[in-house]
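Engineer: Would you mind keeping the following structure in view while I ask a few things?
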């Protein structure tokens, strides 16, 4: 396809031919909006409101305390975990839903460090990326201090292989980078980590529901992920955790709440971890948010009849390739540059753009101007000391269940108009507050 | 009042004269139910369904990512925290809502142990009660191991004073015991702890919204509490944490998620804790559950016009005293014994009963028979090795905003009928599963 020739009519035809097009009917989307921020907060599934109403009015309001058993509340962490498992190559019983991504990372990274400390105390290095999502780095810093370990951050993926050595305790990566959309080769890096005697911890925040993941095939050790991005679970939806079965019964994690106990309703004084993944549950789960998450996960499972994650991925690649081609063809001379990997296999389901000089500082205003036009992406600041290496970026997520080819075409046209008319210079789009 | 003479008509009159009676209109209560389990899961406020619908349909569905600012989502942990603060003697800015009680206890107990280790490494003992809620003990065990500390559990409150010595790091108590309803003297124990050089950590799970609490007057160091019991926040509602302002800016806690950072949207690589209580926020909050919690807290704040927690407490004491008097007068000869403190000032807002021989094992079935009649309390198993000291208990919570004197009268009549007709022996009430 030659992007310079593709027309809106062509995009309409692509949408009409799209085998996944009816998945969009599952969502309540605001009118007049092209939502390219499902990588930050997924949209509202049509089923969610009714389901949460039922939980509130019937299960809580009428059933009250009895609903822990009668409505199956007590089983939700495993039930929804198993559904998410189908999206990430996990077998039943390997995945649970609980708490936030930060907290689940704390659990699994702590478990991995404890396993390594027991196996070989000389392994004290956690390797990760400086561009990893900050909460991952903060949690790793906290645990490194606690475990007498050291966090080694790389600026380039090419630095990683040399660090997979006898000092390595854990390689901790976000599978798809939140800024650039760079997608790591999970299987290859996990194999190299294991060959070096390390354990691999994967954050699937931008992967689950976005790209095919097969944790068992990759032989990963631990993984966690986010419920409110591509899984459409709602704002602050609970997170999930997965543990390789070979570790599940021996992994120790420090957030030992009563619902991770082997027999919580014995109310015994001493902690005895539940068998397997259930020990990664901590306190009482936030039931309303968790119920909404199930509806979100169901929107991904609905794609199984159309080919599942592989089909979603094919469309995602087509959407992002079209977006890149159109951005360069129609906005390249206006200063737009690609800030994500060009090769689809190195990219998740998002595309980032940057702006060349003299517009290198205009990113925030451009994103605001786009939002005012109903094209919702987001802005992630670069490193003001070295904008050439880490530029300000315009970040766009592509969720194939509800984004179509015409949306891509229209988004690019809006971007072109914002830049060509210099609309972004309107005072209302100026940066408020300090976002360096 | 002589309980043997009090009639149902008298109770109806008490309800009609009750200045708090209109607070009940705030709730959607199931018909035909006397709900004496608000200490386990509070009831549904009438405002909750509409509020959560609004958050789902409007704020999430229409506002999408913009609602973090436009709908004030980002401020909810502090906004609701400040509302809860009004119930527990906290000033604005001292309380936040986040995560579960287990996790908030992990944060504040870790912070307290770290402060003590820095001040005096010889202080390595955490003192608590063996009858504390298990999750508190599990978290303390986990942190004791991590901090090289030791958990000393007492079987009797009278053992505590001797343990407030030069080895004491932290006194960690649940203010109102979950089993017996015993209420500690927070101010006196905190003062004695401080005199010994210790820090006092209070779990308010059965206190917030149940009994008057004044954390600042008691000069407590740290506190946490539950959103889904007396605060009516809904199943698994988020918890709250409070930190004395003298510690808030120096307290370090290990669950360092991005929303506890001083500037989360700078996405900086290194963790820098937010000023004050905000550093006790970790990851992204579960917004639907949190929004429901606010409606629950509002039902307690609605009592402010009638005298607030003091007025609720007066009615709670009247309800529980009536319950005790009626239980002993009308069910005493059937084997019913009081298993909570008799003095109101030593008791929270719950009353526990036990059954004397030969009924000492009948508690579970009796509770089930009561539930079948619409009188919902719960059963907590005793220690099968020494049922005389730790008996099986029938636990009843009294929430004065929606429980009246006639409810108390009727509940006791049901108990009397269950026992006098031996209805509890019906096979359908037999214990299922293993609850030792």
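Chains as they are written, first to last, in my numbering: chain A, 403 to 838; chain B, 403 to 838. By construction, the Cβ of each residue, glycine as well, lies at the ideal position given by its N, Cα and C atoms.
Can you check which of these residues, B/608, B/620 and B/693, is closest to residue 590 of chain B by C-alpha distance?
Structural biologist: Translated into positions along the second chain, residue 590 of chain B becomes position 188. Ranking B/608, B/620 and B/693 by Cα distance to residue 590 of chain B puts B/620 first.
Engineer: Output the boundary residues of the alpha helix (DSSP H) element that contains residue 531 of chain A.
Structural biologist: As a working mapping, residue 531 of chain A is identified with position 129 in the first chain. Unbroken run through residue 531 of chain A is the beta strand (DSSP E), 527-531; no alpha helix (DSSP H).
Engineer: Would residue 461 of chain A pass as an interface residue toward chain B - the criterion being a Cβ-Cβ separation below 9 Å?
Structural biologist: Along the first chain, one-based indexing puts residue 461 of chain A at 59. True, the Cβ-Cβ gap to chain B drops below 9 Å.
Engineer: Can you tell me where the alpha helix (DSSP H) holding residue 470 of chain A begins and where it ends?
Structural biologist: One-based indexing of the first chain puts residue 470 of chain A at position 68. Taken as a continuous stretch (DSSP letters only), the alpha helix (DSSP H) holding residue 470 of chain A covers 469-472.
Engineer: Could you pull the start and end residues of the beta strand (DSSP E) that residue 442 of chain A belongs to?
Structural biologist: As a working mapping, residue 442 of chain A is identified with position 40 in the first chain. Counting along the chain, residue 442 of chain A falls outside any beta strand (DSSP E), and DSSP gives it neither H nor E.
Engineer: Which first and last residues belong to the beta strand (DSSP E) in which residue 644 of chain A is found?
Structural biologist: Here residue 644 of chain A refers to the residue found at position 242 when the first chain is read from its first residue. Its beta strand (DSSP E) spans residues 641-645.
Engineer: Beta carbon of residue 769 of chain B, beta carbon of residue 779 of chain B: below 9 Å?
Structural biologist: As a first step, residue 769 of chain B is located in the second chain; it is residue number 367 there, counting from the start. As a first step, residue 779 of chain B is located in the second chain; it is residue number 377 there, counting from the start. Contact flag set, yes.
Engineer: Can you check DSSP and say which residues form a bridge with residue 572 of chain A?
Structural biologist: On the first chain, residue 572 of chain A is found 170 positions in, with the first residue counted as 1. Answer by DSSP bridge pairing, in chain order: A/528 and A/601.
Engineer: Start and end of the beta strand (DSSP E) containing residue 816 of chain A?
Structural biologist: In the first chain, residue 816 of chain A corresponds to position 414, counting from 1. Taken as a continuous stretch (DSSP letters only), residue 816 of chain A belongs to no beta strand (DSSP E), being part of the alpha helix (DSSP H) at 807-822.
Engineer: Excluding five sequence neighbours on each side, which residues of the same chain lie with their C-beta closer than 8 Å to the C-beta of residue 683 of chain A?
Structural biologist: Start at 1 with the first residue of the first chain, and residue 683 of chain A comes out as number 281. Counting only Cβ-Cβ distances below 8 Å, and skipping sequence neighbours, we find 479, 498, 500, 659, 661, 662 and 676.
Engineer: For residue 754 of chain B, which beta-bridge partners are listed by DSSP?
Structural biologist: Here residue 754 of chain B refers to the residue found at position 352 of the second chain. In the DSSP output, where bridge partners are listed per residue, residue 754 of chain B has B/797.
Engineer: Exposed or buried, what is residue 783 of chain B when buried is set at 16 or more other beta-carbons lying within 10 Å of its beta-carbon?
Structural biologist: Along the second chain, one-based indexing puts residue 783 of chain B at 381. Flag for residue 783 of chain B reads buried.
Engineer: Considering only DSSP beta bridges, list what residue 632 of chain B is partnered with.
Structural biologist: Translated into positions along the second chain, residue 632 of chain B becomes position 230. None, per the DSSP bridge assignment.
Engineer: Using DSSP's beta-bridge definition, name the partner residues of residue 746 of chain B.
Structural biologist: As a first step, residue 746 of chain B must be located in the second chain, where it is residue number 344. In DSSP, residue 746 of chain B forms no bridge with anything.
Engineer: How long is the line joining the alpha carbons of residue 712 of chain A and residue 613 of chain A, rounded to whole angstroms?
Structural biologist: As a working mapping, residue 712 of chain A is identified with position 310 in the first chain. As a working mapping, residue 613 of chain A is identified with position 211 in the first chain. Spanning the two alpha carbons is a distance of roughly 8 Å.
Engineer: Take the Cβ of residue 551 of chain B as the centre, count every other Cβ of all protein chains shown within 10 Å, and call the residue buried at 16 or more, exposed below.
Structural biologist: Walking along the second chain from the start, residue 551 of chain B turns up at place 149. Buried, by the Cβ-count rule.
Engineer: Considering only heavy atoms of the ligand MN, does any lie closer than 8 Å to the CB of residue 655 of chain A?
Structural biologist: Questions concerning the ligand MN fall outside what the structure shown contains, since it holds no ligand whatsoever.
Engineer: Would you list the residues sitting across from residue 500 of chain B in a DSSP beta bridge?
Structural biologist: Along the second chain, read from residue 1 onward, the residue named residue 500 of chain B stands at position 98. Its beta-bridge partners are B/641.
Engineer: If we call anything under 9 Å between Cβ atoms a contact, is residue 654 of chain B one with residue 756 of chain B?
Structural biologist: To locate residue 654 of chain B, count along the second chain from 1; it is residue 252. To locate residue 756 of chain B, count along the second chain from 1; it is residue 354. No, Cβ-Cβ distance for residue 654 of chain B and residue 756 of chain B is not below 9 Å.
Engineer: Tell me, to the nearest whole angstrom, how far the beta carbon of residue 624 of chain B is from that of residue 510 of chain B; I am working on the premise that it is less than 8 Å.
Structural biologist: On the second chain, position 222 is the one that residue 624 of chain B refers to. On the second chain, position 108 is the one that residue 510 of chain B refers to. Indeed they touch by this definition, with Cβ atoms about 4 Å apart.
Engineer: Given a cut-off of 9 Å on the beta-carbon distance, is the pair residue 580 of chain B and residue 443 of chain B in contact?
Structural biologist: On the second chain, residue 580 of chain B is found 178 positions in, with the first residue counted as 1. On the second chain, residue 443 of chain B is found 41 positions in, with the first residue counted as 1. Cβ atoms of residue 580 of chain B and residue 443 of chain B: not closer than 9 Å.
Engineer: Taking beta-carbon pairs under 8 Å, can you tell me which members of the stretch 472-483 of chain B lie near chain A?
Structural biologist: Under the 8 Å Cβ criterion, the stretch 472-483 of chain B contributes 475.
Engineer: Going along chain A in order, which residues have a C-beta closer than 9 Å to the C-beta of residue 548 of chain B?
Structural biologist: Residue numbering aside, residue 548 of chain B sits at position 146 when the second chain is read from its first letter. In chain order: 548 and 656.
Engineer: Please go through the same chain and pick out, in chain order, the residues whose beta-carbon is closer than 6 Å to the beta-carbon of residue 434 of chain A, but skip the five residues on each side of it.
Structural biologist: As a position in the first chain, residue 434 of chain A is number 32, starting the count at 1. Taken in chain order, the residues that qualify are 776.
Engineer: Could you give the distance in angstroms between the alpha-carbon of residue 835 of chain A and the alpha-carbon of residue 681 of chain B?
Structural biologist: Stepping through the first chain from its first residue, residue 835 of chain A is reached at position 433. Stepping through the second chain from its first residue, residue 681 of chain B is reached at position 279. Unreliable placement is indicated for residue 835 of chain A, whose pLDDT of 49 sits below 50; no coordinate value is reported for it.
Engineer: Do residue 529 of chain B and residue 565 of chain B have their C-beta atoms within less than 9 Å of each other?
Structural biologist: Residue mapping note: residue 529 of chain B aligns to position 127 of the second chain, counting from 1. Residue mapping note: residue 565 of chain B aligns to position 163 of the second chain, counting from 1. Yes, the Cβ-Cβ distance between residue 529 of chain B and residue 565 of chain B is below 9 Å.
Engineer: Nearest-angstrom Cα distance between residue 525 of chain B and residue 519 of chain B?
Structural biologist: In the second chain, the residue the question calls residue 525 of chain B occupies position 123. In the second chain, the residue the question calls residue 519 of chain B occupies position 117. Distance between the alpha carbons of residue 525 of chain B and residue 519 of chain B is about 7 Å.
Engineer: Can you tell me which of the three DSSP states residue 663 of chain A falls into?
Structural biologist: Counted from its first residue, the first chain places residue 663 of chain A at position 261. If DSSP states are grouped into helix, strand and coil, residue 663 of chain A belongs with the strands.
Engineer: Under DSSP, the beta strand (DSSP E) around residue 556 of chain B begins and ends at which residues?
Structural biologist: Taking the first residue of the second chain as position 1, residue 556 of chain B is located at position 154. Its beta strand (DSSP E) spans residues 552-556.
Engineer: Taking Cβ positions only, does residue 644 of chain A come closer than 9 Å to chain B?
Structural biologist: Here residue 644 of chain A is taken as the residue at index 242 of the first chain, counted from 1. With 9 Å as the cut-off, residue 644 of chain A does not count as an interface residue toward chain B.
Engineer: Can you list, in chain order, the residues of its chain with a C-beta nearer than 8 Å to that of residue 570 of chain B? Leave out the 5 residues immediately preceding and following it.
Structural biologist: By 1-based counting over the second chain, the position of residue 570 of chain B is 168. Closer than 8 Å at Cβ, skipping near neighbours: 525, 527, 529, 595, 598, 599 and 600.
Engineer: Relative to chain A, which residues along the stretch 513-543 of chain B have a C-beta separation below 7 Å, given in chain order?
Structural biologist: Here the close residues are 532, 536, 537, 539, 540, 541 and 543.
Engineer: First and last residue of the alpha helix (DSSP H) that includes residue 410 of chain B?
Structural biologist: As a working note, residue 410 of chain B is residue 8 in the second chain. Where residue 410 of chain B is concerned, the enclosing alpha helix (DSSP H) stretches over 410-419.
Engineer: Relative to the C-alpha of residue 760 of chain A, which residue among A/802, A/824, A/516 and A/491 is closest?
Structural biologist: Translated into positions along the first chain, residue 760 of chain A becomes position 358. Of the listed residues, the one whose Cα sits closest to residue 760 of chain A is A/824.
Engineer: Compare the beta carbon distance of residue 451 of chain A and residue 458 of chain B with 9 Å and say whether it is the shorter of the two.
Structural biologist: Taking the first chain and counting its residues from 1, one reaches residue 451 of chain A at position 49. Taking the second chain and counting its residues from 1, one reaches residue 458 of chain B at position 56. A contact, by the Cβ cut-off of 9 Å.
Engineer: I want to verify the contact list: residues of chain B whose CB lies under 8 Å from the CB of residue 684 of chain A, in sequence order.
Structural biologist: One-based indexing of the first chain puts residue 684 of chain A at position 282. Chain B residues near residue 684 of chain A: 502, 504 and 505.
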